[in-house]
Structure formats: C-alpha cells, structure tokens
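Presented below is the structure to which this report refers.
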Amino acid sequence: MNGMYENLMQLPIFQGISRNKISELIEKTKFHFLKYPAGEQVIRKGEECTHLKFILSGKVRSEIVNKSGKIKVSEVISAPNVIAPNHLFGRSTFYPGDVFAVEDTGIMQVSKAAFVSILQNESIFLINLLNILSRRSQKTIESFLSISTGDVKERLAFWILSFTQRKSTDIRIVCKQKDLYSFFGVQRSIFMAALNDLKEKGIIDFTPQEIVILDRYKLKEILNMEQDDELEKG
C-alpha cells in the first residue's frame, strides 16, 4: 500500500496532493484495482475511454498505427504512469491504439463520473488536469511547426518526443524508410544522412523496416531544452 501511494504522488495529476488526501480519496471514491498477466490486452484501439487508468506496477506496450497502416510507433510505459488521459474528455473519447501488458501489471482505474466528482470537489486536481491537457494540446502546434522547419534530425527528434512519454523505453518506429522520408518531405539521401548521424552518436539503430530509439534523453539534447522541458511535462 505504501508503494502505491508513493507511485501515485509521482504522477502529474497528483502533483501537490498530500498522501493523507490521496488515502482519503481512495477510501471514499470507487477505484477499481485490476491485474493483467503478461501478454494480455489492456486496451483495444477504438475502445471508448470511460475510465482513467493508472499503472501502479509493471509495464505496458502502447502501439499506435496511422490510418494507412504504414507507420507504427510503439513504446513501453512503466509504472507509475497514466494511460492516454487526454482521451477521457473531448470530441474523440476513443483510444488511438492498442495497449498490452509486457509483464504482470497492476492498474488502478476510476470512472469518468467519479473523476468528474473529484475535479468538482478538489480544485488542485482540476488545475493539474487543465495543465496536462493544455500542454498536450500545445504539443500538436509545436510538432507541426517543428516538422515544417529545422533540419531532419530536429524534426525527427521532436516528432518522436511528441508521440512518446518521458519515461518510456523500447521505442520503435516500424515503417519503410521511403514512407518516412516522404512523410517528412525530404530526399532519401538527406534522410539517410540524418539516420546515420544519429546512429553514430548512439541515439538510434535502424534497419530498412524499423527505427529503434536507444537513448531518448539524447534526442532532447538535439532540441532547445526550454522547449523540450514543456514537451516532457505532459
């Protein structure tokens, strides 16, 4: 139980919340505690987001595929973390990708109605949520501007950081190289030169079908740190 409280207090949504307040909320709010064995699917793409899901223990793999099916971005997300909180509200309340347990994983979830009640009664939760959603919304604009300007390494770094979470690991982009350099709107030679440079620096490895991120932190160093700090907080 002590470990659970410590994990929750590390999450942005619980920022500034005391352990006693968290304990009080868990006692009076209907939280569900779920266990998923390794390999079991936690979320299906297109499933409606009716609960806020907190990863308390273990790891999950998130997989997002674009509409054409040509680009897949996957990452491993470890506890403590929250799964797609920006899809609980808004016009699209459906999960954008599949999520699988990588190992035995514990999830604590709360229904949307119960979470709304918490927001109405605890203003600090409301402020934290608004900050999270605002930063995620701002990422979309920043990502568009980054992909439209800057060199290929900067654009690729920002794109990867925008679509993955700060503490995620085993980040993989499964895609043919020609589809990626077409997506970024550059010539193959320029794109390959950027990949080779990143590989030489130990940041990525790649094959004709896949890019593996070896050091996500070094991607941050390619970008302006102030800009990336904002990107990382969500």
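Going by the UniProt record's numbering, 83 is the number at position 83 of the sequence shown; the sequence numbering is gapless. Ideal Cβ placement from N, Cα and C applies to all residues, glycine included.
Q: Measure the Cβ-Cβ separation of P80 and N7 and say whether it is below 8 Å.
A: Residue mapping note: residue 80 aligns to position 80 of the sequence shown, counting from 1. Residue mapping note: residue 7 aligns to position 7 of the sequence shown, counting from 1. Contact annotation: P80 and N7 have beta-carbon atoms nearer than 8 Å.
(Q) What does the Cβ neighbour count give for H32, buried or exposed, with the cut at 16 atoms within 10 Å? (A) As a working mapping, residue 32 is identified with position 32 in the sequence shown. With fewer than 16 other CB atoms across the displayed protein chains lying within 10 angstroms of its CB, H32 is exposed.
**Q.** Cα-Cα separation between M108 and K35, rounded to whole angstroms
**A.** Your numbering for residue 108 matches position 108 in the sequence shown. Your numbering for residue 35 matches position 35 in the sequence shown. Rounded to the nearest angstrom, the two C-alpha atoms are 9 Å apart.
Q) Should the stretch 187-200 be regarded as contacting the stretch 89-101, the criterion being three or more beta carbon pairs within less than 8 Å? A) No: the two stretches stay apart, fewer than three of their Cβ pairs being nearer than 8 Å.
Q: Just list the alpha helix (DSSP H) runs in the UniProt domain "Cyclic nucleotide-binding" (13-119), keeping only unbroken ones of 4 residues or longer that don't cross its boundaries, in chain order.
A: The alpha helix (DSSP H) runs of length 4 or more contained entirely in the UniProt domain "Cyclic nucleotide-binding" (13-119) are, from start to end of the chain, 19-28.
Q: Please report the residue range of the alpha helix (DSSP H) in which I190 lies.
A: Mapped onto the sequence shown, residue 190 falls at position 190. Bounds of the alpha helix (DSSP H) holding I190 are 188-200.
**Q.** Assigned exposure category for Y217 - 16 Cβ within 10 Å defines buried
**A.** Numbered from its first residue, the sequence shown carries residue 217 at position 217. Looking at its Cβ environment, which holds fewer than 16 other Cβ atoms inside 10 Å, Y217 is exposed.
Q) Which residues mark the beginning and the end of the beta strand (DSSP E) in which F206 is found? A) As a first step, residue 206 must be located in the sequence shown, where it is residue number 206. From DSSP, the beta strand (DSSP E) with F206 extends over 204-207.
Q) Any idea what DSSP makes of E210, helix, strand or coil? A) Within the sequence shown, numbered from 1, the residue matching residue 210 stands at position 210. E210 carries a strand assignment under DSSP once its states are collapsed to helix, strand and coil.
Q) So, using beta-carbon positions, are F14 and I22 closer together than 8 Å? A) Sequence index remark: in the sequence shown, residue 14 carries index 14 (1-based). Sequence index remark: in the sequence shown, residue 22 carries index 22 (1-based). Closer than 8 Å, so yes.
Q) Taking the alpha-carbon positions, what's the I77 to K167 distance? A) Against the sequence shown, residue 77 aligns to sequence position 77. Against the sequence shown, residue 167 aligns to sequence position 167. Computed Cα separation, rounded: 7 Å.
Q: Determine the burial state of R188: buried for a count of at least 16 other Cβ atoms within 10 Å of its Cβ, exposed for fewer.
A: For the purposes of this step, residue 188 is taken as the residue at position 188 of the sequence shown. When all chains shown are included, R188 counts as exposed.
(Q) Using a 10 Å radius around the Cβ and a threshold of 16 neighbouring Cβ atoms, would you call S18 buried or exposed? (A) For the purposes of this step, residue 18 is identified with residue 18 of the sequence shown, where counting begins at 1. It is exposed - the Cβ of S18 has fewer than 16 other Cβ atoms within 10 Å.
Q: Find the nearest neighbour of E24 within the set V42, P12, Y5, V174, judged by alpha-carbon distance.
A: Residue mapping note: residue 24 aligns to position 24 of the sequence shown, counting from 1. When each option's Cα is compared against that of E24, the closest is Y5.
Q: Starting from R172, follow its DSSP beta bridges and name the residues at the other end.
A: Indexing the sequence shown from 1 puts residue 172 at position 172. According to DSSP, residue pairing for R172 in a beta bridge involves S74, V212.
Q: Find the nearest neighbour of C175 within the set S134, K220, V82, P208, judged by alpha-carbon distance.
A: In the sequence shown, counting from the first residue as 1, residue 175 sits at position 175. Nearest option by C-alpha distance: P208.
Q) Three or more C-beta pairs closer than 8 Å, one from the stretch 92-101 and one from the stretch 50-64: is that the case here? A) Output reads yes: the stretch 50-64 touches the stretch 92-101.
Q. When we look at the beta-carbon of R44 and count the other beta-carbons within 10 Å, is it buried (16 or more) or exposed?
A. As a working mapping, residue 44 is identified with position 44 in the sequence shown. Exposed, because fewer than 16 other Cβ atoms sit within 10 Å of the Cβ of R44.
Q. L219 and D205: beta carbons closer than 8 Å?
A. If you number the sequence shown from 1, residue 219 lands on position 219. If you number the sequence shown from 1, residue 205 lands on position 205. Against a cut-off of 8 Å, the Cβ pair of D205 and L219 comes out as no contact.
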